[in-house]
Amino acid sequence: MIRVATVQFSPVLGDRQANLDAISKLLDPVEADIIVLPELCTSGYFFVSREELAPFAEAPGGVACDFFQRLAEAKQAIIVAGMPEAADGCFYNSVFTFRPGIAEPVIYRKAHLFYQERFVFEPGDTAFPVIRDERLDVSIGIMLCYDWRFPEVSRVLALGGAELIACPSNLVTDAWRKVMPARAIENKLYVAVANRCGTETVGGETLLFKGCSAVYDPWGEVVALAGAEGDAVLLAKIDPRPCRDKSFNEFNDIFADRRPELYGAICRPR
Ligand code: ACM
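In terms of our numbering, the sequence shown is residues 52 to 321.
Structure, rendered in structure tokens:
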């Protein structure tokens, strides 16, 4: 069984050191093989200008990247963390995945930008990663928060072999709690949502982040669940092997039964 830790906390807007300290403290007693942290966990969320965001944007070799790589080595764990990324004069809302023994993180840039993120970040231009780890014998798909509203993302990750989808999040609505179990069922895989909690107020507007981080199994059942408020580290043991068989009775298999040749065509009878 693979031990997955899903971290919920309330990052401080614009205080990277405070956020790294909080992550250190939360993870200090944790023994896990895969650790999933929220979206923008080193910077906070509600940036409305690129100038304000710039000091917190990361690139491989940066302060937070070094921190997470060292943590991945110390814990011999894969660490999936949402962070702002600086690349080629642009900013992306990205997920960095750090692996022990591999210096270069895998970077996924958020494809679907939410709310005012468009004023700060460029839309992602990376493919959706499925990271194969031979040591743990698992394939991890990465998506980011608002990507949940696009079933194509989890389907593409599942078709790419993902057995666990890690979804760093800063969710401010509740609808995802109905949909994420469906993403697990329709793709027969695990989903770990690391959502943040707390509030941020900028320019008189307050965002309330909804917590309730969760791990769902391939049948959509809750394996671990945090409260709406407060720090939490969820620990779940997952077995990726059932995710490799997409059948659910002797006749039906959710991959083999797909009809992609029909999905691009609409008929409009008069
Ligand atoms: C979100 O994508 N932060 C809702």
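Just so it is clear, CB atoms sit at the ideal spot from N, CA and C, and this is done for glycine as well.
Given the structure is predicted, the values throughout are model-derived calculations rather than measurements.
Lining residues of the ligand ACM - beta-carbon closer than 5 angstroms to any non-hydrogen atom, in sequence order:
My final list is Phe165, Cys196, Tyr197, Asn221.
Is the stretch 145 to 159 touching the stretch 190 to 201, taking contact as three or more C-beta pairs under 8 angstroms?
Output reads yes: the stretch 190 to 201 touches the stretch 145 to 159.
Minimum C-alpha distance to valine 99 - residue among Phe142, Ile236, His163, Met231:
Phe142
Could you check what DSSP says for valine 114 in three-state terms: helix, strand or coil?
helix
Any contact of the stretch 65 to 83 with the stretch 158 to 175, i.e. 3+ C-beta pairs under 8 angstroms?
The stretch 65 to 83 vs the stretch 158 to 175: no contact.
Taking 8 angstroms as the threshold, find out whether the stretch 102 to 111 comes into contact with the stretch 258 to 269 through three or more Cβ pairs.
no
Could you check what DSSP says for glutamate 155 in three-state terms: helix, strand or coil?
strand
Since glutamine 59 and alanine 277 should fall inside the 8 angstroms C-beta cutoff, what is the C-beta to C-beta distance between them, to a whole number of angstroms?
5 angstroms
Mind checking alanine 83: buried by the 16 CB within 10 Å criterion, or exposed?
buried
Within-8 angstroms CB hit, alanine 235 to chain B:
Protein chain content of the structure displayed is limited to a single chain, and chain B is not contained in it.
Sequence-distant residues of the same chain with beta carbon closer than 7 angstroms to alanine 283, five excluded per side
Answer for alanine 283: Gln59, Ser264, Ala277, listed in chain order.
I believe threonine 250 touches leucine 258 by the beta-carbon criterion, under 8 angstroms. Please report the beta-carbon distance rounded to the nearest angstrom.
6 angstroms
So which of Asp139, Gly140, Pro151 has the shortest CA-CA distance to isoleucine 130?
Pro151
As an exercise, report each continuous alpha helix (DSSP H) stretch of at least 4 residues that is fully enclosed by the stretch 99 to 150, in chain order.
101 to 104, 114 to 126
Around the C-beta of aspartate 198, are 16 or more other C-beta atoms found within 10 angstroms, so that it is buried, or is it exposed?
By the neighbour-count rule (16 or more Cβ atoms within 10 Å), aspartate 198 is buried.
If we count the other Cβ atoms within 10 Å of its Cβ and call it buried at 16 or more, is alanine 287 buried or exposed?
buried
What first and last residue would you give for the alpha helix (DSSP H) that runs through proline 311?
311 to 314
Inspect the beta-carbon positions of phenylalanine 97 and valine 253 and report whether they are closer than 8 angstroms.
yes
Check for me: the alpha helix (DSSP H) holding serine 61 runs from which residue to which?
Counting along the chain, serine 61 falls outside any alpha helix (DSSP H), and DSSP gives it neither H nor E.
Which stretch, first to last residue, makes up the alpha helix (DSSP H) that contains lysine 51?
The shown model of the chain, from 52 to 321, leaves out residue 51, and the question about it has no answer.
Does alanine 307 pass the burial test, meaning 16 or more other C-beta atoms within 10 Å, or should it be called exposed?
exposed
Asparagine 238, DSSP secondary structure in three states
helix
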